[in-house]
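Let me begin by presenting the structure, written as structure tokens, before commenting on it.
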Amino acid sequence: MPEVTTGWYLVLGAALFIIGGVGLLVRRNPLVMLMCVELMLNGVNLSFVAFSRALGDIGGQTVVFFVLVVAAAEVVVGLGLVVAILRRRPGATADDLASLKG
Amino acid sequence: MDVLAATEGASSFPLLNYLIAIPAVGAIVVALLPKSRSDLARPVGAMFAAAAGAMSLYLMVSFDAADPGFQFESLQSWIPDLGISWHVGVDGISLWLVVLTGLITPIVLLGVDPHHDPKPYTAWLLMLQAGSFGAFVSLDLFLFFVMFEIVLVPMYMLIGGWGYDDRRYAATKFFLYTMAGSGLMLVAIVSVAVLSSGGGHDLTFDVVALAERQALTTTTARWCFAAFALAFVIKVPVVPVHTWLPDAHTQAPTAGSVVLAAVMLKLGTYGLLRFGLYLFPEASVWLGPTLVTLGVIGVIYGAIVATMQKDLKRLVAYSSVAHMGFIVLGLFAFTPESIGGGVLQMVNHGLSTGALFLLVGMIYERRKTRQIAELKGLQTAAPRFAAVFTVVMLSSIGVPGLNGFVGEFLILIGSFHTRRWWTVIAATGVILAALYLLWAYQRVFHGEPTAEDTATPDIHLREVLVLAPFLAGIVFLGIYPKPLLERIEPAVDRLIGHVEAHSDYQRPDPAAPVMVEHHDSGDEHHDSGDEHHDSGDEHHDSGDEHGEGE
Amino acid sequence: MSVVAQAFTAPSVDWWALTPQMVLLGAALALLLVTSMSPRSVPRWFGTATTAVAGTVTVVLGLMLWSDVREQGPSSTLAGAFGVDGFSLFFTVLVGVALVAVGLLAHAYIEREGLDGPEFHALLMAASAGAIVMASANDLIVLFLGLESLSIALYVLIAMHARRSEARESAMKYFVLGAFSSAFLLYGIALVYGATGSTNLAHARDYLEQHLFESEQLLLAGMALLMVGLAFKVAAAPFHFWAPDVYQGAPSPVTGYMASVAKAAGFAALLRIFFAAFGSYDVQWTPIVAGLAAVTLVVGSVMAVLQNDVKRMLAFSSIGHAGYVLLGVQAANDEGTAAALFYLFAYTLMVIGSFAIVGIMGWSDGHDISRYGGMGRTRPKLAFAFTVVLLAQAGVPLTSGFVAKFQVIAAAVGVENYLLAGLAMFTAVIGAFMYLRIVMAMYVSDTDDGGPTPTVTWTTGIVVLGAVGFTVAVGVLPQWLVEFSRDAVPVLLLGS
Amino acid sequence: MMDLSVFVVSAAVCLVGALGVVLARNPVHSALMLVMTLFGIAVLFVAQEAHFLAAVQVIVYAGAIVVLFLFVIMLLGVDRAQSLELDAMPIQKWAAVVFGAGSLVVVVALARAVDHPVTGEAAVGGAIDGTTPDVRLLARSLFSDYVYAFELTSLLLVVAVIGAVVLARKPKRVEQ
Amino acid sequence: MLELVWLIPALPLLGFVALLIGGRRLGEPRAGWLATAASAGSFGATLVVFAGLLGLDAHGDRAFTQVLFEWLPVGSLEVEAGFLVDSLSITMGLFVTGVGTLIHLYSIGYMHGDPRFSKFFVYLNLFLFSMLMLVFGNNLVVTFLGWEGVGACSYFLISFWHTRDSAATAGKKAFVTNRVGDWGFMVATFLIWTTLGTVTYTEIAASPAMAATTGTAVSLLLLVAAAGKSAQLPLYVWLPDAMEGPTPVSAMVHAATMVTSGVYLLVRMNSVLTDDALLVIAIVGAATALFAALCAVAQHDIKKVLAYSTVSQLGYMFLAIGSGAYVAAIFHMVTHAFFKGLLFLGSGSVIHGMHDEQDMRKMGALRALMPITGLTFIVGWLAIAGVPPFSGFWSKDEILLAAWEQPDIGWLLWLVGLVTALLTAYYMSRQVFLVFFGQQRWDDGVHPHESSWTMTLPLVLLAGASIAGGVINLPLVSDWLFLEHFLEPIFAHPHHFTSGTATKVTLAVIAVGAGAVGIGFAVMVWLKGRVSSERLEPTFLENAMYVDATFARVAGGPGTRAFQATADTDATVVDGAVNGVGWLVQRFGELIRPAQSGLLRNYAIGVAIGAVGLIVWFVTRVAM
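Residue numbers (my numbering), protein chains in the order written: chain A, 141 to 242; chain B, 14 to 563; chain C, 3 to 498; chain D, 86 to 261; chain E, 2 to 625.
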């Protein structure tokens, strides 16, 4: 019976981070993209807690609080932006925002 | 040797600083003139330019001909944290370029009408003068680079603002080409300073200190010199990096062309001398054959291409390529005659090519064309103009009695010692020079004039006054160049001594008949022949040695 | 030891050192309060004035603190999370200067576009506080929070002009990519935390200097991810794609702010983390910075050449400038750092000056280069000013841009990275082509009617004058700024 | 044994949720899948004795953030399904997937190769000794080592608040 | 008296400057008189200096050097602006100023009515100045000053009527061709300086001989220089074209003075000429003499005949030098100056009288209408044809003798010289008969008339000199060899004839006989019409064996094409490379531009790729 080591948690965190990252790359819906960012942040949070436990240090857990705050702030502003955009162009996707290029 | 020791001898009055400051201040004053009084711009500007010119003459008069070192030195702290100081001074080499700059700017400023926007025009010209002064007198690499680059801006503006049809392309090309060359030089400048500093304790950009220190390894010095040389040969310009010049010259307004030819091209050759030979004696000797080859190619190639030009101004521009090729040959032949001749030729080229550009400009003023094919028989309509043109042309061809010959001859005779075959080929350039100039002259001035040609007015008094100093210089220097030569020579001598001290080059010892009189004649010529042969071999060996040493 | 038994002692606070941020945040809040509480509508100049005063006070406080640091040496406060050293104060001053300039620029812009003045100014000040935090942070989480404050404020500032679809688009792009890269940065912080046991940079430095790891993977992966996040912020290629679009779409004053403050703050973080904390690992990270510099230089200059929109040109050129600063960073020594700092300060004024003029000349139909045609004749002074800042960016001597370029080249040469120095000079030529194109357009126009002749408000005029004056003054007499930047090399101190 | 099963189940929940977020066509489903992941993570927090954090995770994330997402989805009426296939840039998608898979392989390989990845100094910011409640430890940490960060969240929140207000406000003038 | 040497060139220079400034105001004919006075003054000064030189001890170093100032003092090079008066330079100086003065005088009449009358004298005086610098310079560089100066003046004067394209082209051609010679002069100077360390004549003469190769190289380079200036093969091509200039110019520049400077140079540098080089010089001279004489046979232009004749006679002088008989060369140079100057001036008088008609086929029977011209022309004819006792006989005879005594291929050289003499007699007779005898063939409306006294006086004086010129070096009695004794000291290896009197007399008789044959044949053909002239003017010879035409075709065809190709290369390849860099940058930009697609997710993938790249880099940095 294998022991659940820190490494397991770290790999899981990385997996969440990567899934979130890939999700941001493949999805066009701005809201889903935002969710993917949340996934990435949660992957990081998991890593922080895993480190915190491995090091026997509370600091890693404290950091998660700040990540939560940042995530909240980002979501608030991000959703505000999405609302501002979608209000004028309902159904717009990230791919539709491409007038600035070249 | 020691920077501080050098300052002790400096004159209490920082003449050179004022020399740079006066036109710079003049530029600002002119720029600040109210719009309604822009008619004052040229008189006021000319006043400043002339003041600087007068100062340069004073410099010339009070220059100590016997002193081979730097005079009128001024050393001030500028960016001490980076080892950069405001260090200026003149020696016999830079003196004449300073004087040339000092005199030509007020003349073109007064003599050439910009036709529009006199205010910025004047201001830029003054900036150009200040920058050129700065470049010729700076003894700090950083300061030199600043001046070397800053002159691009006014020239760029002059070409762009007052040039002809294709000025946009020409100005940009001019700027970028020169900048591309100087970019690598900047890297080299920093490298020289940093690598000479011995762990950063005594970082300095002072030319004198660096030249005396000679702290670089052979390989590094060669790389650095190559970068410097690239910047300078572009500026000269040497084939094959010359193509900015015809465009710049052709599109530039007359004043721009004159200053470009007379002053700015000299930054290249002067740079090769001051920052090539002086800073990197060994590397100069090493790369000398390459540069000489390029110079000689320039002489022939420039002449050939000039021959086929359809635009008179372009033709003169290519003739510049050829003439500057001579100078490069002279500089890298390392004999007192050739380098002395090279320095003199810088002045000469400034006078003759400058005057040629003025004349072409005057033709353009009259006819609104520079196409050779559209001009004919002007000598009939404008005989005096043609006469002036002829004199300048002969100077450019290198007819003895006029200045062009003196420089060319000294270069060639000096180079013959060390660069025999190159010299023989370069000398054929004099044939080609006659060919392209005379052919152009024939097409423009000879022949049966058309009605339009006949209506071309002859030279005006104002134009005569503008050209008079050039003509006077052309004749005077052709007959009596001694005042220049005797000031140039000590500095050149010292420079060659410096090269000899830091490389295994030894200047050839011309067989003096006085020395050989006592020998049996049969033996003697044998000896003298061997001697030359030896010196050549020695030279060759030195290169190999270094090649193996690395 | 038992934590429970220990009585809680709050960390000491050096309030004096915190004043710049407090002033900024306080001014932002005060501005919002006054405008929302005021019975009558508050005049527009109030916001501008608040920003200008707050910025000025920040600069003054920064300089006062600077003299303290010079006398008493650097220190850290708030449990070592906040560093008071030359480095942080250098950026405090830089941010303050930029804030004043952008605040003044915003005045005319807000008026012209009919935006919410107080919010704009408040966000500007908050963003500046965030930037100062980034530069002063001795702790990765603090740095992250500063970065987020700055970024989120910028998202909003860009999007504020919601009527313009370009603004919305660029805000969205910046936001999504910003959040994406923040996640990388945060992950990097996590890995570094795992590798060193703390988010404190001073601790990390000491720990890394004292220990040799058997397995460095975690640390190195963390460094890589930190680099990603910060390279994104400074718009180094290949993390630069957002920059041109966002710069182009954002209001010109905000663009100027991004190109100066946001970029400077990114570099401040980069230097603090990599140079100051990970200095012992320079063998690992300097090559990658050099590589980034090379790619950034090439992309910035080459792409700029292709553009026809002046604002976009400057955006790409701004990428190129990041490459030059990276040249100083990759030297990983005091000279290189000082060079990078000098570059940032010089560039700040140049770029704000540039975007000030772009803002004046631009209008809703874009910033095509043809709008600048004949400007040399119709608006000679403005054209001259633009020429100066453009030539400064091209690195022409007697401008601050040259001295800056000189120093970063010197830094690269100092570590014998000649190839990179040569490449930098080559791209400088390509870049110069683009600057000259604008200059040519201004002075050499085929038509004589000229472009638009908008009025220049005095607030904008001051900024342009100041930027030009600074650029030339530093170009001629750079010693003081050289000295300033040399004294501003970061120092990491553990908290007491 | 217990540890393992908890981890495996929670991890599976997390991963399924995460993939669901990415793969669900309907944004509402994505949001719900996100909640699933968040719960899984909360469980894993508990498994690592971060009890307080687990609570906060559920409250803040599931309770606030996801609700906000759903609220916006409903507000804008963008709850229509969106085809994943109708992607303008198929290459982009595959590139992303390949990259992601590759990265994952690298991470797993690294984790297997390295015995002791965590090299940091133990208990710098306050030791978890198993006796002191984590809330107490967190509080101590928050108000000592991280007090500055804590204060800075005010700055962040001010910015967010202003931002939200500004972005949500209707523009004064009509579009030109 | 010797100190006055500076005055010799100074007077024409003064005249030049005065005319340059005030020539137009002075107008015709005063400008001409001023110039003539300057020239005459110069002649006077030369006489004075000559007297001074004679006052020096004939057996000592009869030379005088006057240094005005240091011209080019750099390093070990010391070039002075100085004059050297010795027997050679004074001989040259005397006839240059003498003949020059006469031609000045003649020009006053000849140029009458030309709108640019004063300009002509400006050039003439400048030419005289340059020529005197060439002659009196005490070193190679000052000589070169004069050398190029006369070249430039020649250019001005040939293209004096510059509205005529042919004149302008001829002037240019003269200058450029001369420049080829100048190249030789310069390189020779360099080689001498680097070998001997001096460029001053007296020091060169005092120097030990150079190594054989060097010496030969110097000699051949000097030959190139001389061939350019003195119109030897293959550089002669400019001289026939130079007849586009006014006739006094042809007389002065292209017959009497300038073209002889090559001879002067070689004689001056006699100490460095090696035997090998002398042989080459002799061959070149002989070949040129024969070639030009053949060409002269078929010319129709009155001046072209004289031009080719000049080339031919110069060939004689080179032959003399090549045979070591420097005195003979100088002797012939002097006599040639007299009679060829005379012939040219005579032809000018004819042209003037015929209203600018130069085609001999449209002349005839002018003897009666232009008695003085006719008579003096006949004197010149007899002189050049080698009829005793006219001056030409003596000098030509000496050259033929010297050729005969040439050790290697003397007989061949002599034979060529003899054939040339025959041809010379023939073609000159042909000319005289065509112009002055036979039928009137001129066009209607042409009224030939005798010229004014300013033109005829020089003719008479020169005719006198042509008749009696031989007296300066009569071989009859050793004491009468004034010129030889006078010049002797300047030669490193004085030449002495070794043949016995019998040989000498035999050779002289054969030469006279050849001349008589030539004249006799001409009488039969051109005067009596006994022999048809049809096949005696082959086109091949009329076109000078197409040498010039070939040159022109090469220069105009492949030459121009090569130049144009170079210029095109410059524009396309060299400059194209520069623009190509810009193009490449742009192409590269276009290549990477699609990455800036505007699509958010593309940008994100950029970040992702970058991130993976960075991670891979860093993780692989692990110290293994």
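The C-beta atom is built at its ideal place from N, Cα and C for all residues, glycine as well.
With burial defined as no fewer than 16 other Cβ atoms inside 10 Å of the residue's Cβ, what is the status of residue i: buried or exposed?
i: S90(B); result: exposed
i: G96(B); result: buried
i: S69(B); result: buried
i: Q441(E); result: exposed
i: D398(E); result: buried
i: H531(B); result: Below a pLDDT of 50, predicted positions are generally treated as unreliable, and H531(B), at 37, falls in that range; the measurement from the model is reported next regardless. Classification of H531(B): exposed, given that the 10 Å Cβ count is below 16.
Could you tell me the alpha carbon to alpha carbon distance between residue i and residue j, rounded to whole angstroms?
i: G85(C); j: L179(C); result: 29 Å
i: V335(E); j: A329(E); result: 10 Å
i: L423(B); j: T348(B); result: 10 Å
i: T382(B); j: F458(B); result: 14 Å
i: F489(B); j: L14(E); result: 15 Å
i: L195(D); j: Q219(C); result: 8 Å
i: P13(C); j: L147(C); result: 19 Å
i: V44(C); j: L106(C); result: 17 Å
Contact defined as beta carbons within less than 8 Å: I believe residue i pairs with residue j. What is the distance between those atoms, to the nearest angstrom?
i: E73(C); j: S239(A); result: That belief does not hold up - the Cβ atoms of E73(C) and S239(A) are roughly 54 Å apart, past 8 Å.
i: L497(B); j: L357(B); result: 6 Å
i: A274(D); j: I143(C); result: The structure shown does not extend to residue 274(D), since chain D is modelled only from 86 to 261, so the question has no answer here.
i: A206(B); j: L223(B); result: 7 Å
i: S208(E); j: L197(E); result: 5 Å
i: G102(B); j: V150(B); result: 6 Å
Please report the residue range of the beta strand (DSSP E) in which residue i lies.
i: I97(B); result: I97 to V103
i: I41(B); result: Note, I41(B): premise wrong, no beta strand (DSSP E); alpha helix (DSSP H) at L28 to L45.
i: P74(E); result: A64 to V75
i: L78(E); result: L78 to D87
i: Q612(B); result: In the structure as shown, chain B begins at 14 and stops at 563. Residue 612(B) is therefore absent and cannot be evaluated.
Since residue i meets chain H, which of its residues come closer than 9 Å, beta carbon to beta carbon?
i: E485(C); result: Absent here is chain H; the protein component of the structure consists of chains A, B, C, D and E.
**Q.** Stretch pair the stretch 32-40 of chain E + the stretch 65-73 of chain E: three plus CB contacts closer than 8 Å
**A.** Too few Cβ pairs lie closer than 8 Å, so no.
(Q) For the structure I just gave you, are there three or more beta carbon pairs, one from the stretch 283-292 of chain B and one from the stretch 309-325 of chain B, closer than 8 Å? (A) The stretch 283-292 of chain B makes no contact with the stretch 309-325 of chain B: fewer than 3 CB pairs, one atom from each, lie closer than 8 Å.
Q) At a cut of 8 Å, does the stretch 344-358 of chain C reach the stretch 272-292 of chain C through at least three beta carbon pairs? A) No: fewer than three Cβ pairs fall under 8 Å.
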